[in-house]
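Order-wise, the sequence lines are chains F and Z.
What the first sequence shows, in my numbering, is residues 711 to 1039, in sequence order.
What the second sequence shows, in my numbering, is residues 711 to 1039, in sequence order.
Glycine included, each C-beta is placed from N, C-alpha and C at the ideal position.
The model shown is predicted, which means the values in this text are computed figures rather than measured ones.
Number of protein chains: 2
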Amino acid sequence: MSAKNELLALLRQSEGFVSGEELSRRLGVTRAAIWKNIELLRAEGYTVESVTRRGYRLRDVPDSISEAEIRANLCGHGSFGCRVVSLPSVDSTNEEAKRQGDAGAPHGSVFVADEQTGGKGRLGRRWISPPGSGLWFSILLRPDVLPNEVTGVTLLSAVAVCRGIRALTGCEAKIKWPNDVVIGTKKVCGILTELSAEMEHIHYLIPGIGVNTGTESFPPELADRATSLLLETGRPVRRAALLGKILEEFELLYDRYGVSSFPEEYRSLCVTVGRTVSLRRAGRQLVGTACGVADDGSLLVKTRSGETLTVSSGEVLVQGFYGEHIEGA
Amino acid sequence: MSAKNELLALLRQSEGFVSGEELSRRLGVTRAAIWKNIELLRAEGYTVESVTRRGYRLRDVPDSISEAEIRANLCGHGSFGCRVVSLPSVDSTNEEAKRQGDAGAPHGSVFVADEQTGGKGRLGRRWISPPGSGLWFSILLRPDVLPNEVTGVTLLSAVAVCRGIRALTGCEAKIKWPNDVVIGTKKVCGILTELSAEMEHIHYLIPGIGVNTGTESFPPELADRATSLLLETGRPVRRAALLGKILEEFELLYDRYGVSSFPEEYRSLCVTVGRTVSLRRAGRQLVGTACGVADDGSLLVKTRSGETLTVSSGEVLVQGFYGEHIEGA
């Protein structure tokens, strides 16, 4: 660890003020070096009080996703976050995870970026990821299952994000099938999972998660569809804290369910069930009522003709969500 | 096409001799250029007869995997081989296919190499691929199915290789479950399929195929397990011709079955069924009799206690094959 990060860790642990003399002694550097590193921390946005004869105190931390800030927010038990790669800008955190996965990065590695220049959404869409406005990250998993046994991971990811958002903001985050996280009727988080595999062996599985944290406003065409934690609560959330909480919840769920079984909590979080939905099937747009989620994660939809469809992929519009009004609903 | 490849194509089409004058006229180059290109072809191993006043005749082609030689062996209808990349040496044709797949190479692209320096087999094994001794290639597929619907591709690949080997050599190639191609009791071809996907969309699916064509002898530890087409027939087979035939058969099967359904022909080619087999299950080595192949490609094994197991992955030893003697069989 660098002297700066050691200093930060010491300040973080301390309840009140710590004298320059003690910091100098514990880090084994001169008091001039302590002062220099305090200035470096201030330049990064840390609020460090300094009072003559009392010393230094950490009063506030910035919304930083530096590796030091992320490490300070990991719960410390578990392997998720064993390796953290934080980048100012990247094409897509999933692409970075794939590159490093190909090069042998271990299970539990986390890739996070302040900005994605080519962020990806489901179904080939773009995911707008401007600097500082959201938490964009990917987790590299190496589960020992067959490639056709991983559908649970996307449900798990959505549940973990709900838990993380609820714990840190109190917002009632829920899930729009299959894995959008919504607050009210608007999307706050999207998840795109990718994998690389042989027929009998998974090289890696990568859930990529994008949470709108600090966006202050959306363009008019998105205002009905998208929201951010800032817009919902009026208060900023620290991305490193949210990341730490989501990783902790994700690992708890992963250890309990793996990627092959169904996390029961998904059902109670899924807002799609019970609502009027619209979807394409065999070239036609059908309307029906979502009546449940099967154990393989498929959405069950009862059509007006009384037939029950099993929907395992594609887009499902939900009446009243994302500004959708379904014809005849 | 280069003048050399145009010249080669002309010589290939011609039944008998073609005069230098006619070649010069049809290619629009000088007779000196014709002579120069004939010399280039000879340097590549082509046997071109030249007889005064009659002209030139192509008498024999080398075992080359140049793109020109491969193109000349494609059946011409179909999209497999729409793009052919032939390399003198590569880490692994699957790795090359993945790199070019990430960069957008189209469905049906084929990647072939004279030598693989890091050839890969199933279950993390190495696949020895010295220059000139085998046909090492990968096909890039972009099927429009879900990632858990691709298990058929590995069965399809094995059937296509059997058909190709039978057509070109007359050898009775068969399949050891799941997708080794064998002649007699020895392996002549291995297949490793890899894929990159999202939960709802396959980026690409790559069957990688390695056929031992020209190996003259195997080291003692492999002599019981491995064979080559040269060892089986005593005659060399041209890799470009074999590749062309396998691609043709593969595309026929692919168009008929896709990657999600079971190619019925697999059952009649599978030598494992009816034999004593041994496999690991829950930490124990079990012995039983292979009694069939399910429609999802799983091997059905009846154990001595009368139970029927469904085996979908891992290694299955077969009595009498690859020099295996199963204890108590």
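State buried or exposed for residue i, treating a residue as buried only when at least 16 other CB atoms are found within 10 Å of its CB.
| i | result |
| --- | --- |
| Val891/F | buried |
| Arg832/F | buried |
| Pro946/Z | exposed |
| Cys899/Z | buried |
| Thr864/F | buried |
| Asp824/F | buried |
| Gly923/F | It is Thr, not Gly, that sits at residue 923/F in the sequence shown. With 16 or more other Cβ atoms within 10 Å, it is buried. |
| Gly764/F | The question names Gly, but residue 764/F is Arg in the sequence shown. Answer is exposed; the Cβ neighbour count stays below 16. |
| Pro888/F | buried |
| Val981/F | buried |
| Gln723/Z | exposed |
| Thr925/F | buried |
| Arg985/F | buried |
| Ala1047/Z | Outside the displayed range of chain Z (711 to 1039) lies residue 1047/Z, so it cannot be described from this structure. |
| Glu1040/Z | Since the first residue shown for chain Z is 711 and the last is 1039, residue 1040/Z is missing from the structure and cannot be characterised. |
| Val761/F | exposed |
| Pro798/F | exposed |
| Gly944/Z | exposed |
| Gly1024/Z | exposed |
| Arg973/F | What sits at residue 973/F in the sequence shown is Pro, not Arg. Under this definition Pro973/F is a buried residue. |
| Ser938/Z | buried |
| Ser867/F | buried |
| Pro929/F | exposed |
Hey, does residue i have any beta-carbon neighbour from chain F nearer than 9 Å?
| i | result |
| --- | --- |
| Asn858/Z | yes |
| Lys701/Z | In the structure displayed, chain Z extends from 711 to 1039; residue 701/Z sits before or after that span and is not available. |
| Thr861/Z | yes |
| Pro888/Z | yes |
| Thr864/Z | yes |
For residue i, return the contacting residues in chain Z, with the cut-off set at a CB-CB distance below 7 Å.
| i | result |
| --- | --- |
| Glu779/F | By Cβ distance, chain Z contributes nothing, its closest Cβ being about 30 Å from Glu779/F, past 7 Å. |
Check the Cβ of residue i against every Cβ in chain C and list those closer than 9 Å, keeping chain order.
| i | result |
| --- | --- |
| Arg832/F | Judged by its chain identifiers, the structure shown contains no chain C, and its protein chains are F and Z. |
For residue i, which residues in chain F fall below 7 Å Cβ to Cβ?
| i | result |
| --- | --- |
| Ser1023/Z | Leu856 and Glu910 |
Which residues does DSSP list as the beta-bridge partners of residue i?
| i | result |
| --- | --- |
| Ala936/Z | Lys897/Z |
| Phe847/Z | Val822/Z and Ile919/Z |
| Lys1012/Z | Thr999/Z and Thr1018/Z |
| Ile956/Z | According to DSSP, which records beta bridges pairwise, Ile956/Z is partnered with nothing at all. |
| Arg873/Z | Looking at the DSSP assignment, Arg873/Z forms no beta bridge with any residue, so it has no partner. |
| Lys886/F | Asp890/F |
| Arg990/Z | Gln995/Z |
| His911/F | Glu908/F |
| Ser839/F | Gln826/F |
| Asp770/F | Thr757/F |
| Ser799/F | Glu825/F |
| Thr903/Z | Pro917/Z |
| Val1028/Z | Val987/Z |
| Val794/Z | Val820/Z |
| Gly765/F | Val761/F |
| Cys881/Z | Looking at the DSSP assignment, Cys881/Z forms no beta bridge with any residue, so it has no partner. |
Could you work out which residues of chain Z lie near residue i, taking near to mean beta carbons separated by less than 9 Å?
| i | result |
| --- | --- |
| Glu904/F | Ser906, Ala907, Glu908, Met909 and His913 |
(message) Assess contact between the region 839–853 of chain F and the region 814–827 of chain F, defined as three or more Cβ pairs (one per stretch) separated by less than 8 Å. Is contact present?
(response) yes
Between the region 866–874 of chain F and the region 786–798 of chain Z, can you find at least three pairs of beta-carbon atoms closer than 8 Å?
no
ask   = Hey, is the region 913–922 of chain F in contact with the region 832–848 of chain Z, meaning 3+ C-beta pairs nearer than 8 Å?
value = no
**Prompt:** Between the region 944–959 of chain Z and the region 775–790 of chain Z, do three or more beta carbon pairs fall short of 8 Å?
**Reply:** yes
The region 1017–1025 of chain F contacting the region 741–754 of chain Z, beta-carbon criterion three pairs below 8 Å
no
Does the pairing of the region 967–978 of chain F with the region 987–996 of chain F give three or more beta-carbon distances under 8 Å? no
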